[in-house]
Every structure is written in C-alpha cells, then in structure tokens.
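Asker: Input: one structure, supplied below.
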Amino acid sequence: MKRKDILFQINEIFIDTLDNEDVVIEEITRAIDVDEWDSLTHIMLVVAIEKNFKIRFTSKEILSWNNVGNMIDCILEKG
Amino acid sequence: MNVGDKFEEHFVIKQEIYQGFIEVFKDKNPLHTNKQFALEKGFNELVMHGNILNGFLSYFIGVRLPTRDVIIHSQEIQFKNAVYLNDELQFNAEVIGIYDSVNAIEFKYNFKNGESKIVAKGKFQIGLLK
C-alpha cells in the first residue's frame, strides 16, 4: 500500500473519530495541530487504525510517534 | 482478559430502580409514567427507561469485571424491544478486541428478556488504568 493511500484512510478515520468532516491530516500533522486530538481521542484513533489496517502497535511504537508521518512509517513496517 | 472471554449477569428492573431513576433524572415522559398513554401507544405496560440498562452496564463494567482499574472510553446501545417493570434480564458480554498498545479492551453485549428476546445490544470500550 502506498503512503498516500494510507494517509487517505487515516484521514477518513480522523474524520469519523473526531466527528469533523473538515479535518485534513497531512504527514506533518501533530496532535497539537488538531483541536479535538486529546488523550482519549488518541486512544480511539489508535484502536480505529489498528482495526482498519488489521495490525497491532506496541506502546513503545506509539510513544515514538511525533506526527502522522511516523504513524504511516509504522503501518508500512507492519505491512 | 482474552478475546472470546464471556461474561453473564442477571438483572431485574425493580420498582426501586424505576422510581429512583425518575427521582434522580426527572424523566417523567408519559410513556414511563402514564399507563393509559403507554397502552395507547401500543405497549403492554409502562415502558421502563432504556437508560436504566446503561446503569446495569455501568455496574457490570465498574464492579463485575475482573479488575477495578477500569474506565469507560465509549459505549453505544441500540434498543430493540421495550422493557417493563419487574422484567428479568439476562446480560451477556464478550471480549471482541484487545489493544495492548493503548490498554484498551472492546466488548459486545446484549440484554435479553425472559422470552430470550434481545431488548438491547451494543458495544463498549474500556481502558485499563495503570
């Protein structure tokens, strides 16, 4: 799967989880850039992404992410 | 807990629960308080508040799971059939997902009445507190 396809799917997950049709996620997007991206939302996003891509992250991997691009790197490594 | 683990509980919608719900939350909609109104709407009796079932769900999550280190992340419920005073409900829950990375567990559940009809069902996600 290509990065842009993963990014598109992640964006759809953000829209659904944040219940915000207008949210646009880019590789450089960080939690601080999105108002609704708080700690609970982060958990819901991770669970939704794990379900969507049928993968499991470790807590260490999640803690290493600085932005959405790091998240995509991690998904690709598991692909 | 593991995926596939199942839990069962038995609940009864007692008068004190019904009255307590009305006293605390003030939902006195005639469907719940006027028998004639309920009959006219096609129900057999006064319909109990569906959110009483959420109270049972809260009890299950907070007290009956194998751990007390728990918090609710999300829950959803679909009401399928009316519940009435003194209905005996069978509650069934099953672990359907474990997300170790964020210490979260997802369940599906349902409530069945004495006729084994599903009166409500849904999913909830809990977090395990460190």
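As given, the protein sequences belong to chains A and B, one line each in that order. Numbering of the first sequence is given in our numbering, commencing with residue 201 and proceeding in unit increments. Numbering of the second sequence is given in our numbering, commencing with residue 99 and proceeding in unit increments. Yeah, the Cβ is synthetic: ideal placement off N, Cα and C, and Gly gets one too.
Starting from A218 of chain B and walking both ways along the beta strand (DSSP E), at which residues does that stretch end?
Answerer: Taken as a continuous stretch (DSSP letters only), the beta strand (DSSP E) holding A218 of chain B covers 216-226.
Asker: Residues of chain B with CB closer than 9 Å to the CB of T258 of chain A, please, in chain order.
Answerer: Neighbours of T258 of chain A on chain B, chain order: D198, S199.
Asker: Could you tell me which uninterrupted alpha helix (DSSP H) segments, each at least 4 residues in length, are contained entirely in the stretch 138-171 of chain B, listed from first to last along the chain?
Answerer: Those alpha helix (DSSP H) runs which fall completely within the stretch 138-171 of chain B and span 4+ residues are 149-157.
Asker: Per DSSP, G195 of chain B forms a beta bridge with which residues?
Answerer: Answer is B:E204, bridged to G195 of chain B.
Asker: Which runs of the alpha helix (DSSP H) fall wholly inside the stretch 206-271 of chain A and span at least 4 residues, in chain order?
Answerer: The qualifying runs are 239-253, 259-264.
Asker: Residues of chain B with CB closer than 9 Å to the CB of I262 of chain A, please, in chain order.
Answerer: What I262 of chain A touches in chain B: S199, V200.
Asker: Using a 10 Å radius around the Cβ and a threshold of 16 neighbouring Cβ atoms, would you call E250 of chain A buried or exposed?
Answerer: Buried.
Asker: Less than 8 Å between the CB atoms is what I'm expecting for L187 of chain B and K210 of chain B, so what's the real figure, rounded?
Answerer: Contact holds; Cβ gap of about 7 Å.
Asker: So F109 of chain B and F154 of chain B are in contact, right, with Cβ under 8 Å, and what is the actual spacing, rounded?
Answerer: Sure, about 5 Å apart at Cβ, within 8 Å.
Asker: Classify L187 of chain B as helix, strand or coil using the three-state DSSP reduction.
Answerer: Strand.
Asker: Which residues in chain B have a C-beta closer than 7 Å to the C-beta of I243 of chain A? List them in chain order.
Answerer: Those within 7 Å of I243 of chain A in chain B are H171, V200, A202, G225.
Asker: Taking the alpha carbon of N77 of chain B as the point to measure from, which residue in B:P164, B:V181, B:I150 has its own alpha carbon closest?
Answerer: No answer is possible for residue 77 of chain B: the residues shown for chain B start at 99 and end at 228.
Asker: Taking V268 of chain A as the reference, which of A:E212, A:A248, A:R230 has the closest Cα?
Answerer: The residue with the shortest Cα to Cα distance from V268 of chain A is A:R230.
Asker: Could you pull out every residue in the same chain whose Cβ sits closer than 7 Å to the Cβ of S172 of chain B, ignoring the five residues on either side in sequence?
Answerer: Excluding positions up to five away in sequence, the list reads F222, Q223.
Asker: How is E213 of chain B classed by DSSP in three states: helix, strand or coil?
Answerer: Of the three classes helix, strand and coil, the one that applies to E213 of chain B here is coil, per DSSP.
Asker: Since A202 of chain B contacts F158 of chain B with CB under 8 Å, what's their CB separation in whole angstroms?
Answerer: So it is not a contact: roughly 17 Å between Cβ atoms.
Asker: Within the 9 Å Cβ cut-off, does K278 of chain A reach chain B?
Answerer: No, because no Cβ of chain B sits closer than 9 Å to the Cβ of K278 of chain A.
Asker: Could you tell me how far apart the beta carbons of D198 of chain B and R256 of chain A are, in whole angstroms, since I believe they sit closer than 8 Å?
Answerer: Their Cβ separation, rounded to whole angstroms, is 7 Å, which keeps D198 of chain B and R256 of chain A in contact under 8 Å.
Asker: By Cβ distance below 7 Å, which residues in the same chain neighbour L129 of chain B in space, the five residues on each side in sequence not counted?
Answerer: Contacts found: F135, A136, K139, V145.
Asker: What's the gap between the Cα of I262 of chain A and the Cα of I228 of chain A?
Answerer: If you take the alpha carbons of I262 of chain A and I228 of chain A, they lie about 16 Å apart.
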